[in-house]
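Notes follow the structure.
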């Protein structure tokens, strides 16, 4: 769970979206298994997903057995995103992350979102949950490829304007840690998302142990 004492020194939190605030991992696995079935590839279990998921997403697809070029990946990732958008309303915020999100707001401190999710879709999702007003900055991706977010993180840090030691990132993947490390801020990783606790513990991030009953 979140320990409020771990966050007292920070003035600004940067949240990841997919797999952190939004509990969408199970749905992503379901969509992926439909793609795998069409290609006669082995089913992806939640345990396997957490063991191999990562960025860039093209590498994740190749690990699953898909034999795609850059151009074919663009087509399939667009198809995946369309399927995700059609079903995303079945997903809810992770309860523990949602509660801490509102706690931080009550403390009068600032927070932002940094996501590899396409900007327009991210904006739509925040509006659906009526939480867009909780964030000072909302930074998504220009496309649907899921290439990473280090460059966007560097720009966001400049926009926030706080000393790096006053900012922390909350995510669910090793890439979130890599982003935090690249921009010089602390990182907290939740165990309820896309990667296993064992993998997250390979980083020096602070681990927040959260359950996910869907996995």
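Residue numbers (the working numbering): 2 to 216. We put the beta carbon where it would ideally sit given N, CA and C, even for glycine.
Which value, in whole angstroms, describes the spacing of the CA atoms of residue i and residue j?
i, j, result
"residue 26", "residue 96", "14 Å"
"residue 89", "residue 29", "9 Å"
"residue 49", "residue 211", "18 Å"
"residue 79", "residue 190", "28 Å"
"residue 207", "residue 171", "9 Å"
"residue 7", "residue 20", "21 Å"
"residue 77", "residue 130", "28 Å"
"residue 51", "residue 161", "31 Å"
"residue 9", "residue 70", "47 Å"
"residue 201", "residue 181", "14 Å"
"residue 2", "residue 209", "6 Å"
"residue 295", "residue 165", "A question about residue 295 goes unanswered here, because the residues of the chain that appear run from 2 up to 216."
"residue 11", "residue 60", "34 Å"
"residue 1", "residue 214", "Residue 1 cannot be examined here, being either before or after the span of the chain that is shown, 2 to 216."
"residue 157", "residue 135", "16 Å"
"residue 123", "residue 167", "25 Å"
"residue 109", "residue 186", "21 Å"
"residue 47", "residue 116", "22 Å"
"residue 216", "residue 144", "28 Å"
"residue 1", "residue 54", "Since the displayed the chain opens at 2 and closes at 216, residue 1 lies outside it and no answer follows."
Are the Cβ atoms of residue i and residue j separated by less than 9 Å?
i, j, result
"residue 13", "residue 128", "no"
"residue 32", "residue 154", "no"
"residue 141", "residue 121", "yes"
"residue 92", "residue 34", "no"
"residue 81", "residue 113", "no"
"residue 229", "residue 17", "A question about residue 229 goes unanswered here, because the residues of the chain that appear run from 2 up to 216."
"residue 188", "residue 177", "yes"
"residue 57", "residue 149", "yes"
"residue 98", "residue 22", "yes"
"residue 184", "residue 151", "yes"
"residue 62", "residue 74", "yes"
With DSSP as the reference, label residue i as helix, strand or coil.
i, result
"residue 126", "helix"
"residue 13", "strand"
"residue 105", "helix"
"residue 68", "coil"
"residue 216", "coil"
"residue 54", "coil"
"residue 3", "coil"
In the DSSP output, what is residue i paired with across the bridge?
i, result
"residue 209", "191"
"residue 172", "190"
"residue 42", "BP columns for residue 42 are empty, so no partner."
"residue 140", "115"
"residue 158", "BP columns for residue 158 are empty, so no partner."
"residue 23", "19 and 94"
Three or more beta-carbon pairs under 8 Å between the segment 36 to 45 and the segment 177 to 196, yes or no?
Fewer than three pairs of CB atoms, one per stretch, sit closer than 8 Å, so the segment 36 to 45 makes no contact with the segment 177 to 196.
Below 8 Å, how does it come out for the segment 51 to 68 and the segment 101 to 109: are there three or more Cβ pairs, yes or no?
Under the Cβ criterion (8 Å, minimum of three pairs), the segment 51 to 68 does not count as touching the segment 101 to 109.
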